[in-house]
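The structure under discussion appears below in the form of structure tokens.
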Amino acid sequence: MFYRALFPRDLFAELDRLQRLLHQADDLSPSIRGGRGGFPALNVGSTPASVEIYAFAPGIDPAAVEVQIEKGVLTIAGERKIEAPTSSDKAAVHIDERFAGRFRRVVSLPDDIDTDAVSAQYRDGVLHVSIPRRAAAQPRRISIQ
Amino acid sequence: MSEKTAKTADASREEAALLPPVDVIEDASGIVLCADLPGVPKENLHVQVEADTLTIEGELRLDMPEGMESTHAEISLPRYRRVFTLSKELDTEKVAAEFGQGVLKLTIPKLAHAQPKKIEIRVE
């Protein structure tokens, strides 16, 4: 069922796809865990008061995602199930790019975070984990006497 | 249905965009297209069929705290876009779309006359 059908495709689209594959393979010896292009895609940002992590994991059950922090490492793990096409034998898969299966991604966090006040929310297919920094570590203005 | 790169004359739409991953499955009744558009709220998603061109466009919206500095970004553009060319036997009038949790599901049926018809054989 996972063959690529003989589909009338545009040459430019093919080139585009090839280019994307090349881009994904970026360096020829990627990291053993896939490096970039893993699922879910992660964006990480920081503010003086918190560390913000965005995991782009559309169409998953948030209850089945495991988010944990251990020894300064945040792990996001779970499984993405893609509903099988209406299993009639006449169905042909023309494009099959979406991720399916188990996933796990880790992010190492800075030392000054407060792991007791982590918040996580799932909206529009994005898991947003916000980890505040410890109050003591936040920049404080020191007045000069 | 085939894919094409966005080459519209309209220069304003040439903004860089991410290519969302899709699954396209065809069976006797039509085509089902699923696309991953995480971070796009429903009101920022635009699905358009114009003549034989299907365009999927979405603008990302993330709630970012003020003054956030990005330290690592794999989703580096605020926009998704992908364009497909639909073949003639598809009924563009009856495209149905569902969207939830960043997943778009489009169902494009085939025209009635393009549906397979079983031909009865009579024995005389």
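Order-wise, the sequence lines are chains A and B.
Mapping the first sequence onto the working numbering, position 44 (from 1) lands on 44, and the numbers just tick up by one.
For the working numbering, count along the second sequence from 1 and bump the result up by 1000.
Glycine is no exception: its CB is placed at the ideal position from the N, C-alpha and C atoms.
All values reported here derive from a predicted model rather than from experimental measurement.
- Judged by DSSP in its simplified three-state form, D1063 (chain B) adopts coil rather than helix or strand.
- When DSSP states are grouped into helix, strand and coil, E79 (chain A) belongs to the strand group.
- DSSP links P40 (chain A) through a beta bridge to no other residue.
- Taking a C-beta cut-off of 8 angstroms against chain B, the contacting residues of the stretch 42-74 of chain A are L42, N43, V44, G45, S46, T47, P48, A49, S50, E52, Y54, F56, A57, P58, G59, I60, listed in chain order.
- Cβ neighbours of E1098 (chain B) within its own chain (closer than 7 angstroms, five residues either side excluded): K1105.
- Secondary structure at T47 (chain A): coil, using DSSP grouped into helix, strand and coil.
- Chain-order list of chain A residues neighbouring E1074 (chain B): R36, A41, L42, N43, by C-beta distance under 7 angstroms.
- For L1019 (chain B), the chain A residues whose C-beta falls within less than 7 angstroms of its own C-beta are R20, listed in chain order.
- For T1071 (chain B), the chain A residues whose Cβ falls inside 7 angstroms of its Cβ are V44, G45, S46, in order along the chain.
- Under DSSP, G1058 (chain B) takes part in a beta bridge, and its partners are B:L1045, B:Y1080.
- Within the stretch 1038-1061 of chain B, contact with chain A at the beta-carbon level (separation under 7 angstroms) is assigned to P1038, G1039, V1040, P1041.
- A1096 (chain B) and A49 (chain A) have their alpha carbons spaced roughly 44 angstroms apart.
- Proximity to E1093 (chain B) across B:K1110, B:R1082, B:Q1101, B:P1078 peaks at B:K1110, based on C-alpha coordinates.
- Interface residue (Cβ-Cβ distance to chain B less than 8 angstroms): R134 (chain A) is not classified as such.
- With distances taken between CA atoms, G1100 (chain B) lies nearest to B:P1038 out of B:L1033, B:P1038, B:D1027.
- Counting the other CB atoms within 10 Å of its CB gives A1073 (chain B) a total below 16, which places it among the exposed residues.
- Taking C-beta separations shorter than 7 angstroms and ignoring five residues to either side along the sequence, the partners of V106 (chain A) in its chain run V73, L74, T75, following chain order.
- Among the residues facing chain B, R140 (chain A) is not included, as its CB has no counterpart in that chain under 8 angstroms away.
- With the rule of 3 Cβ pairs closer than 8 angstroms, the stretch 1048-1064 of chain B does not count as touching the stretch 1110-1120 of chain B.
- Excluding five sequence positions before and after P139 (chain A), the CB atoms of its chain that fall closer than 6 angstroms to its own CB belong to P48, given in chain order.
- DSSP places E1098 (chain B) inside the beta strand (DSSP E), whose first and last residues are 1096-1100.
- M1068 (chain B) and Q68 (chain A) have their C-alpha atoms roughly 23 angstroms apart.
- According to DSSP, K1105 (chain B) shares a beta bridge with B:C1034, B:E1098.
- Excluding five sequence positions before and after V126 (chain A), the CB atoms of its chain that fall closer than 6 angstroms to its own CB belong to Y54, F56, given in chain order.
- Using a Cβ-Cβ cut-off of 8 angstroms, V126 (chain A) counts as an interface residue toward chain B, since at least one Cβ of chain B sits closer than that to its own.
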